[in-house]
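These notes are about the structure you will find just below.
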């Protein structure tokens with residue numbers, strides 16, 4: 011889940027607008043588009059909100075990736091471990107993957 015203090019609209023509106031064809035800057039508040047600027051065919055509110063919901067679902071579904079990234083050792087340490095103890099490295103990677111499985 012997102013816990014940045016921003017609304018999901020604020021977090022995903024830019025990408026949602028681009029995905030729906032916006033090419034120019036636009037202005038928005040915490041929950042709605044104020045002005046689509048020079049965009050010729052802005053999406054409907056329903057289309058924009060549906061894309062924001064889709065992006066949020068995708069973000070939430072990939073939480074395991076963010077959890078794994080934090081749990082893995084830094085790459086230089088992993089490379090050293092691979093060189094000195096390949097089986098130990100495999101066990102460490104497997105433990106992280108088991109702790110944070112793909113959905």
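Residue numbers (the working numbering): 11 to 113. No residue lacks a Cβ here, since even glycine has one placed at the ideal position from N, Cα and C.
- The alpha-carbon of residue 25 is positioned some 43 Å away from that of residue 95.
- The C-alpha of residue 52 is placed about 44 Å away from the C-alpha of residue 108.
- Between residue 30 and residue 38 a beta carbon distance of about 14 Å is seen, past the 8 Å cut, so the two are scored as non-contacting.
- For residue 43, the enclosing beta strand (DSSP E) begins and ends at 43-45.
- The region 51-66 and the region 90-105 do not touch, with fewer than three beta-carbon pairs separated by less than 8 Å.
- In this model, residue 88 and residue 99 are separated by some 7 Å (Cα to Cα).
- Counting only runs of 3+ residues, the beta strand (DSSP E) found wholly inside the region 23-98 occupies 43-45, in chain order.
- Around the beta-carbon of residue 62, 16 or more other beta-carbon atoms lie within 10 Å, marking it buried.
- Rounded to whole angstroms, the Cβ separation of residue 111 and residue 71 is 12 Å, and the two are not in contact under 8 Å.
- In the three-state reduction of the DSSP assignment, residue 112 falls in the coil class.
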